[in-house]
Amino acid sequence: MKIGCALAGGSFMPEVKGGAPERQTAFERLTLGYNQALAMGFDYIEASAGEILALSAGELDALIELRLDGEFAVRYVNSFVRADLKICTADKTLLEQYVYNAVGRIAALGAGVIIFGSGKAREYPASMTHAEGMEKFLDFTKLCARAAGEYGIKIALEPLNRGETNILNSVAEGVRTARELNLPEVVVLADAFHMALEGETAEVVVRNADLISHLHISEAPGRYYPGKNGGEYLIRFARELKKAGFAKDATVECCFDDFTAEGPKALRFIKEEMLWGSN
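Counting in the numbering used here, the sequence shown runs from 213 upward without gaps.
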């Protein structure tokens, strides 16, 4: 199991506090964040699609060069769709252009999995039924899978709690949807924060380990860094997974008030209290 850290800044995620300093470019945030996270002891970074799309063509080329030289790497990319691009109502051509542009950039940086959470982008409007919204969600997922397949990467559906979106709210629902789609490019992310809020346990991850890409870790209800408030749910969650032999990657995705001070605390809690370590 590898332990990674999701970088903040320029993200589509609603939980990012305060944003990143305006004086920094996306290129600077990605490279500085990568170096800082690895210096703390994290094994990898997870970046946001918003940051990668914010790179100029020259910055993207420079980042690709750093990757080829072994000086930069991104393992996963989250927050795939910006909030104002509504997949249930947006023009199909616009969605296709967005997906192929984003997937192409992400693949060029070597990421193997793109996480499709994006609760505001995927929620269906009041004018639609749940069935109609689900049909739009599935159509968009198939589009993402086609694009991902062309680049040899995967799309991970991320179930989000009911406070953040009105579609796909549990890991159980996520894996059922992925199995019904039966596409090799489509997997599922299990986020312990959303699972805790929805009352799910590690059992659903264990039973569907074949479809789980990796994990997101933070403390509910405030998406705190792991261990800030004792992390009882996370400790139980981790021990159940460890007992079952589950050893896929885990990314810390949380609201850091001070990454420099809290990042090492989060990693220490994961290794010492959750009993997970790199291997």
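Each residue gets a CB set at the ideal place from its N, CA and C atoms; glycine is no exception.
Annotation: Ala218 is outside any alpha helix (DSSP H); the continuous beta strand (DSSP E) that includes it extends over 215-218.
Leu369 and Ile327 have their C-alpha atoms roughly 6 Å apart.
DSSP, read as helix, strand or coil, puts Asp351 in helix.
Ser382 places its beta carbon 9 Å or farther from that of Met346. DSSP lists Ile327, Val399 as the beta-bridge partner residues of Ala368. Under the three-state reduction of DSSP output, Thr237 falls in the coil class, being neither helix nor strand.
As the crow flies, the alpha-carbon of Ile264 is around 18 Å from that of Gly282. If you look at Leu427, you'll find it isn't in any alpha helix (DSSP H); it sits in the beta strand (DSSP E) that goes 424-429. With 16 or more neighbouring CB atoms inside 10 Å of its own CB, Asp403 falls in the buried class. When beta bridges are read from the DSSP output, Thr463 appears opposite Gly216, His428.
Shortest Cα-Cα distance from Leu350 to any of Lys332, Gly329, Ala320, Thr389 involves Thr389. For the alpha helix (DSSP H) assignment, the uninterrupted runs of no fewer than 4 residues enclosed by the segment 269-332 are, from N- to C-terminal side, 269-280, 304-320. Around Ala319, the same chain offers Tyr363, Ile365 as residues with beta carbons nearer than 7 Å, after the five sequence neighbours per side are excluded.
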